[in-house]
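The opening residue of the sequence shown carries number 425 in the numbering used here; numbering runs sequentially from there. By construction, the Cβ of each residue, glycine as well, lies at the ideal position given by its N, Cα and C atoms.
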Amino acid sequence: MFENTKKIIIAFGYIARYGLSMALILLVFKILMLNEETQNHQKHIHKLELETKNAQHQQLKNQINPHFFFNTLNSLSSIVAENPDKATDYISYMSKIFRQSLADQPDLVKLKDDIEFVEAFIKLQKLRYGQAFDVNFKLNIQVYNKKVLSMGLQTSLENALKHNIIRKDKPLIINIFDKDHYVWVAHELQMKQNPVQGENFGLSSLQKRAQWSQQMSVIIQKENNIFSVGLPLSL
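Here it is, written out as structure tokens:
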């Protein structure tokens, strides 16, 4: 009788240990499954966040400054009425600018390519303002192959044109030069009496794009009546 009881106790112990082992195995399996589901869920969330950021980033690249757009069209109307021959060149430059602005292009381009791109914009503004507007380039040849935000120069010039007085007796002269791993767009402040609303449209877009593409900041500063925008240069 005692032997049978002992065998039953031993058997029960084996069963209990086996059952406990199975329970632990099932628990570990369940934890692993939950962990995998959590990781998959986190990956899915990360993918959605990345897709959202990419979409927002692409939208920033494709934005055209509405102030520049409407001013360009208004100027065209005046030029057509005053000088049809001049209007032909104006339309040609305007078409090139909008075509390049809407083209699918990398976010970072060589500085020399962005300079080539902005030339049409500068010529367009010279047709519009004549001797009241000019841009001087003072760049070291070593920086021409470095990367800069595409359309960064044009956006900086747009900002200057938007907020400053431009007249023959008060011309807007803009200097573009490189210093300390940045290309600078600088000019003397001659602010309009009635500031244009929405002043941060272009520069805030550049800030976000620089943080996204270069992990660097666009520098905006006012010093001794000089307004400067610094665009970071990358290798």
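Requested in this report: Please work out which residues of its chain come closer than 6 Å, Cβ to Cβ, to LEU577, disregarding the five sequence neighbours upstream and downstream, and give them in chain order.
Outcome: ASP538 and VAL542
Requested in this report: Indicate the three-state DSSP secondary structure (helix, strand or coil) for ILE546 in the structure shown.
Outcome: helix
Query raised in the report: Near ALA556, what residues of its chain come up, given a Cβ to Cβ distance below 6 Å and the 5 sequence neighbours on each side ignored?
Result: Cβ within range, chain order: ILE590, ARG591, LYS592 and PRO595.
Requested in this report: Assign SER641 to buried or exposed, taking buried as 16 or more other Cβ atoms, counted over all protein chains shown, within 10 Å of its Cβ.
Outcome: exposed
Report task. State the beta-bridge partners of ASP602 as determined by DSSP. Result -> VAL607
Query - Nonlocal neighbours in the same chain, by C-beta distance under 7 Å from ILE521, ignoring five residues either side - result: ALA544, PHE545 and LEU548
Report task. Verify whether the separation of the beta carbon atoms of LEU535 and VAL559 is less than 9 Å. Result -> no
Report task. Name the two residues that bound the continuous alpha helix (DSSP H) containing ASP513. Result -> Unbroken alpha helix (DSSP H) run through ASP513: 508-526.
Requested in this report: Please say whether VAL609 and LEU573 have beta carbons closer to each other than 9 Å?
Outcome: no
Report task. Going by CA-CA distance only, name the one from THR579, ASN569 and TYR514 that's closest to TYR553. Result -> Comparing alpha carbon positions, the residue from THR579, ASN569 and TYR514 closest to TYR553 is TYR514.
Requested in this report: Tell whether a beta-carbon distance below 9 Å holds between ILE598 and LEU613.
Outcome: no
Query raised in the report: Of the residues LYS454, THR579 and THR462, which one's Cα is nearest the Cα of SER628?
Result: Across the set LYS454, THR579 and THR462, the C-alpha of THR579 shows the shortest separation from the C-alpha of SER628.
Query raised in the report: In terms of alpha-carbon separation, which member of LEU585, ASP602 and ASP528 lies closest to ASN569?
Result: ASP602
Query - Sequence-distant residues of its chain with Cβ nearer than 7 Å to LYS467 (five each side left out) - result: none
Requested in this report: Just mark ASN583 as buried or exposed, buried being the case when its beta carbon has 16 or more other beta carbons within 10 Å.
Outcome: buried
Report task. Identify which residue in LYS571, HIS605 and ASP604 has its Cα closest to the Cα of SER637. Result -> Closest option to SER637, Cα to Cα, is LYS571.
**Report entry** Residues of its chain near ILE645, where Cβ-Cβ distance is below 6 Å and the 5 sequence neighbours each way are ignored
**Finding:** Residue identity differs from the one stated: residue 645 is Gln in this sequence, not Ile. The answer, listed in chain order, is SER652.
Query raised in the report: For LYS616, which of helix, strand or coil comes out of DSSP?
Result: coil
Query raised in the report: Which residues in the same chain as GLY654 place their Cβ atom closer than 7 Å to its Cβ, once the five residues preceding and following it in sequence are excluded?
Result: TYR606, TRP608, VAL642 and ILE643
Report task. Would you mind sorting ALA479 into buried or exposed? The rule is 16 or more other CB atoms within 10 Å of its CB. Result -> Its pLDDT being 45, under 50, ALA479 is placed unreliably in this model, and the value from its coordinates should be taken loosely. So ALA479 ends up on the exposed side.
Query raised in the report: Under three-state DSSP, which class holds ASP537?
Result: helix
Query raised in the report: Beta carbon of PHE561, beta carbon of ILE600: below 9 Å?
Result: Note that the C-beta distance between PHE561 and ILE600 is below 9 Å.
Report task. Please classify ASN495: does DSSP put it in a helix, a strand, or coil? Result -> helix
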